[in-house]
Each structure stands twice: as structure tokens, then as C-alpha cells.
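Here the structure is laid out as C-alpha cells; the discussion comes afterwards.
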Amino acid sequence: TLKIAIVMISVAGAMLIFYKINRRSSIWLNIKLKNGDLAAIGLVCTGAAIATVILAHGNIALVPLASIGLILGSFYGSRLALLTTLLVSGLIAVSFSSAIVSFGPILLGAALAAGLTNRPHTRSQLAVTGLLVAAVQAAAYIAVAIFFGNVVLFDLGLKALLYASGGIISSIVALGAIPYLEHICYAVTPIRLAELANIDRPLLRRLVTEAPGTFQHTMFVANLAEAGARELGADTALVRTGTLYHDVGKTLRPEYFIENQM
Numbered sequence: 008t009l010k011i012a013i014v015m016i017s018v019a020g021a022m023l024i025f026y027k028i029n030r031r032s033s034i035w036l037n038i039k040l041k042n043g044d045l046a047a048i049g050l051v052c053t054g055a056a057i058a059t060v061i062l063a064h065g066n067i068a069l070v071p072l073a074s075i076g077l078i079l080g081s082f083y084g085s086r087l088a089l090l091t092t093l094l095v096s097g098l099i100a101v102s103f104s105s106a107i108v109s110f111g112p113i114l115l116g117a118a119l120a121a122g123l124t125n126r127p128h129t130r131s132q133l134a135v136t137g138l139l140v141a142a143v144q145a146a147a148y149i150a151v152a153i154f155f156g157n158v159v160l161f162d163l164g165l166k167a168l169l170y171a172s173g174g175i176i177s178s179i180v181a182l183g184a185i186p187y188l189e190h191i192c193y194a195v196t197p198i199r200l201a202e203l204a205n206i207d208r209p210l211l212r213r214l215v216t217e218a219p220g221t222f223q224h225t226m227f228v229a230n231l232a233e234a235g236a237r238e239l240g241a242d243t244a245l246v247r248t249g250t251l252y253h254d255v256g257k258t259l260r261p262e263y264f265i266e267n268q269m
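Numbering (my numbering) for the sequence shown: 8 to 269.
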């Protein structure tokens with residue numbers, strides 16, 4: 008309990024420092040984080056740290072450290088995810104003084120997850136990244152164990168399987184946590200934007216049935232806006248989704264607008 012309290016206080020202090028730096032120099036990360044974003048980052052980092060405290064002396068191979076990169080990369084891109092993952096991993100490594108054979112594969116998998124997760128557009132991309140992390144963690148453990156001479160075939164295979172399980176667990180944790188974190192932080196993932204852009208959403212379905220002319224106009228404008236956003240390097244998913252909803256108010260009196268008149 009004391010270790011968990013110390014970890015939580017340490018993470019809170021680090022987040023306060025991060026907040027102060029971000030307010031002065033947000034250009035470092037090319038992201039302006041708001042209070043909700045900082046709360047989400049703090050929850051993710053604290054959760055990973057607590058999981059490490061609980062599993063460190065038993066099954067450290069199952070620590071879902073890669074979930075930090077998977078979650079933060081989905082919201083804010085790989086740059087912030089990689090920075091946060093490396094900082095948290097460094098603090099954890101120093102705190103527990105774990106042997107490189109035990110902690111090295113997890114650190115490598117976490118860095119890989121953060122580097123590869125850059126606002127993915129589908130949940131399957133996160134799942135595939137989790138499988139890749141699992142394979143890398145298992146292979147890294149086998150390589151390090153052989154290098155240091157810890158080769159007992161059965162134990163080696165069992166431990167490698169545990170490290171692979173840790174990567175899969177990380178992706179499961181990320182996929183489960185992201186929908187809840189979307190209600191806390193300011194940003195939304197491209198996955199959520201794709202869900203909102205689905206024509207079967209109730210509000211868009213109402214636009215299709217009650218104001219079909221407006222809906223055709225909306226689709227035309229959405230295509231133009233998306234093309235413009237792509238040329239400008241803006242967030243195309245956010246622009247397209249926002250454009251799809253820009254005329255939903257016309258469903259209140261669709262007959263007042265010429266595109267819905269016969």
C-alpha cells in the first residue's frame with residue numbers, strides 16, 4: 008500500500024511539472040493539452056505504475072506498460088505517447104531496479120507500441136500492434152536470456168509465453184479503456200470520429216429521411232472539406248465528421264430550405 012501511495016504521489020508531481028512545461032512550451036509536442044487531457048494522461052500513467060507495483064515481484068512479464076503508448080498514441084499521436092512512455096518507464100525502472108532480463112523486453116515493447124500508434128483509424132490496428140508487441144517482447148526476452156546464459160528450455164518457453172501475453176493484455180486494456188477516457192479528455196480518437204460519421208447514427212439517419220436534399224448537399228460539402236483538410240495537413244477525420252453534422256438543424260424545418268423543396 009505504501010509503495011502504491013508513493014507511486015501515485017510521484018506521478019502526480021511529475022504531471023504537475025509536465026503541466027507547467029506544457030503551458031509555456033506546447034510547441035515541443037505540437038499539441039496544446041487541456042485539463043481534461045492532463046487528467047487522462049495522469050490516469051493512464053498512474054494505472055500503469057500501480058499495475059507495475061502489484062505485478063513487479065510476481066509476474067512482471069504481464070505488466071501492461073505498452074498500454075500507455077497504445078492509449079496516448081490513439082488520442083495524441085506517437086510523439087507524445089513515446090515521450091510519456093519513456094519517462095514513465097524510466098521512473099519505474101529506477102524505482103524497482105529490475106534486472107534488464109526482466110524489464111528490458113517490456114520497455115522495448117512499450118516503446119514499440121508508442122512509436123507505432125499514431126492516431127489509428129480502426130480498432131484492428133490497435134489489436135495488430137498488440138500482437139506485434141507480444142511477439143517482440145517474447146523474442147527480446149529469449150535473446151536477452153540466452154545472452155546472459157539463463158537457458159532452461161522449459162522455463163525459457165514459459166517466460167516467453169508470459170511476455171507475449173503481456174503484449175496482448177496491453178492491447179486489451181487499451182481497447183477497453185479508450186471509450187471511457189474519451190469522456191474525460193478533450194480529444195477524440197479517429198476511431199470515435201469514424202463511429203460518429205456512420206450514416207446509421209440516429210441524427211444522420213434523421214437527416215437522410217427528413218431532409219434528403221440537405222443530406223446530399225452535406226455529403227458534397229464533406230468531400231470538399233476533407234480534400235481541403237488533406238491539402239492543408241489538418242485532421243481529415245475531424246473535419247469530415249464535423250461537416251456531416253453542420254446542417255442537422257435543418258431537420259427541424261426541412262421544407263424551409265430550397266434543396267428540400269419540390
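Don't be surprised by glycine CBs; every beta carbon is placed ideally from N, CA and C.
Nearest neighbour of residue i, chosen from the options [CA to CA]
i      : options                        : result
Lys166 : Phe110, Thr129, Arg212, Glu217 : Phe110
Ala100 : Ile179, Val215, Thr59, Leu138  : Thr59
Lys257 : Phe227, Leu214, Ala141, Val70  : Leu214
Ser131 : Leu182, Leu45, Val228, Ala55   : Leu182
Thr250 : Ala204, Ile176, Ala55, Leu138  : Ala204
His253 : Gly122, His224, Ile265         : His224
Ala121 : Ser177, Ile57, Phe154          : Ser177
Pro209 : Val255, Ala56, Leu94, Ile185   : Val255
Neighbourhood of residue i by C-beta, 7 Å cutoff - its chain only, sequence neighbours within 5 removed
i      : result
Thr261 : The residue asked about is misnamed: residue 261 is Pro in this sequence, not Thr. So the qualifying residues of the chain are Glu217, Ala218, Thr221, Asn267.
Ala117 : Leu72, Ala73, Ile75, Gly76, Thr92, Ser96
Thr245 : The amino acid at residue 245 is misidentified as Thr; the sequence shows Leu. For Leu245, where only same-chain residues beyond five positions count, the Cβ hits under 7 Å are Leu200.
Leu163 : Ile149, Ala152
Asn125 : Gly80, Gly84, Ser85
Cβ-based burial, residue i [other Cβ within 10 Å; buried from 16]
i      : result
Pro197 : buried
Leu119 : buried
Ile113 : buried
Gly235 : exposed
Thr243 : buried
Gly137 : buried
Thr248 : buried
Leu89  : buried
Leu87  : buried
Pro186 : exposed
Same chain, Cβ closer than 8 Å to residue i, neighbours up to 5 away in sequence not counted
i      : result
Leu115 : Val143, Gln144, Ala147
Leu188 : Ala47, Leu50, Val51, Ile78, Phe82
Residue i versus residue j: straight-line alpha-carbon distance, rounded
i      : j      : result
Phe82  : Leu211 : 25 Å
Leu231 : Lys41  : 30 Å
Ile206 : Leu160 : 54 Å
Glu202 : Gly156 : 50 Å
Cys52  : Ile179 : 16 Å
Lys39  : Met226 : 31 Å
Glu238 : Leu45  : 30 Å
Leu133 : Asn66  : 24 Å
Leu98  : Ala141 : 23 Å
Gly54  : Leu139 : 22 Å
Ile175 : Leu123 : 15 Å
Ile57  : Val70  : 10 Å
Pro127 : Met269 : 43 Å
Gly5   : Leu259 : Because the chain spans 8 through 269 in this model, residue 5 falls outside it and cannot be assessed.
Same chain, Cβ closer than 6 Å to residue i, five either side skipped, listed in chain order
i      : result
Ala68  : Leu169, Tyr170, Gly173
Val228 : Thr250
Check: residue i C-beta below 7 Å from any heavy atom of the ligand NAP
i      : result
Ile175 : Inclusion of the ligand NAP in the displayed structure is not the case, the ligand content being empty and no account of it being possible.
Could you pull out every unbroken alpha helix (DSSP H) segment of at least 4 residues lying fully inside the stretch 100 to 147, listed in chain order? 107 to 123
Extract the residue ranges of the alpha helix (DSSP H) inside the stretch 154 to 216, only unbroken runs of 4 or more that lie entirely within it. Listed in chain order, the complete alpha helix (DSSP H) runs (minimum 4 residues) inside the stretch 154 to 216 are 160 to 188, 197 to 203.
If we require 4 or more residues per run, which alpha helix (DSSP H) segments fall completely within the stretch 41 to 98? 42 to 62, 73 to 83
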